[in-house]
Amino acid sequence: MLKRPFHRSTEHRAPSRAGRNLPAAIAVAVVLIAALVTGLFFVPLVLALLAGAASGIGVWEIARSLTYRGVQIPKVPAVLAAVAMPLAAFFGGAEWLSMALVLSVTLVVVWRAFGSREGMMLSMMGSVFALVWASFLLSTAVLLYHSADGPQKVLTVILLAISSDTFGYAVGVVWGKHPMAPKISPKKSWEGFAGSLGGAVVAGVLCALLLLGIPWWQGAVLAVAIVAVATVGDFSESMVKREIGIKDMGTLLPGHGGVMDRIDSILFAVITGYVIFELFSVLG
């Protein structure tokens, strides 16, 4: 019998094997940054392939993690659909991405409909959740890339998400005393959130002036919005992992955990950046 999903249980607790190896973590970060810079400024297709790979692996990690709560996602069609969405955004823009999302959801739903009826509805819902979370959100980075000054905008959004994480962690470790949501993520504090906000605003102003050539206040507004959604992204993944009973979504990236552990805040940041830059463009 399938266990009810997202209810705590000590019967099967998924192990965490990612470890926290600092040299390995730095090496992985350097490789990822090099690939990102290559895709943004030299070989655009690399960006789409990188997003496709991250999306596919992310969906696989979510699917594997959900099995610990008895939710079976059809991995093969879900991963293929996840890889396809960033590529659709790269070659056809927002219209192709929208079509790819509809076709992807249709594919996994129909695929699952021909399988066992046991847990079918939960499987379908889990599939849609994984595709939207890991693939559709990340695909908006590709859409942002195709806009005016796209490479600089994508780089800015990612830098702000990283600044939020870095300053939040540093300030939280040193001064953190008041938890934001102890039942979801006990280590995240209000002091750390203030550090995220301050560090990201400084980074946002610098990016606005030095990378984008836009008013400083737009960089500050963007930073505040990204800190807010990045925090929501962190809490969302923490909540999912806590309910499932795992520490990391995967083990692929030494010193980081899984792909989803690395990009959780970036996923929400890129779609927020896309929307805000569109608003700036409309408002002039």
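For what it's worth, my numbering labels the leading residue of the sequence shown as 26, then goes sequentially.
Just so it is clear, CB atoms sit at the ideal spot from N, CA and C, and this is done for glycine as well.
Close beta carbons around L304, own chain, < 7 Å, minus the five adjacent residues each side: Contacts found: none.
Secondary structure of G282, DSSP reduced to three states: Three-state result, G282: strand.
Three-state secondary structure (DSSP) of S188: Of the three classes helix, strand and coil, the one that applies to S188 here is helix, per DSSP.
From P240, M205 and A114, residue whose alpha carbon lies closest to that of L162: Here the closest residue by C-alpha is A114.
Opposing strand residues paired with P204 [DSSP bridges]: The secondary-structure analysis by DSSP pairs P204 across a beta bridge with S214.
Terminal residues of the alpha helix (DSSP H) in which W242 lies: Element bounds for W242: W241 to I269.
Any chain C beta carbon closer than 7 Å to I296: Structure shown: chain C not included; a single protein chain is present.
A59 (DSSP reduced to helix, strand or coil): The answer is helix: DSSP assigns A59 an H, G or I state.
DSSP three-state assignment for T297, whether helix, strand or coil: T297 falls in the helix class under three-state DSSP.
Sub-7 Å separation of A138 and V84 beta-carbons: It is not a contact, given that the beta carbons lie outside the stated cut-off.
Reference K202; option with closest CA among S152, S210, W215 and I209: That would be W215, whose Cα lies nearest to the Cα of K202.
Check: P207 C-beta below 6 Å from any heavy atom of the ligand NAP: Looking for the ligand NAP in the displayed structure turns up nothing, as the structure carries no ligands at all.
Nearest-angstrom Cβ-Cβ length linking C232 and T181, presumed shorter than 8 Å: Between T181 and C232 the Cβ distance is about 4 Å, and since that is below 8 Å, they are a contact.
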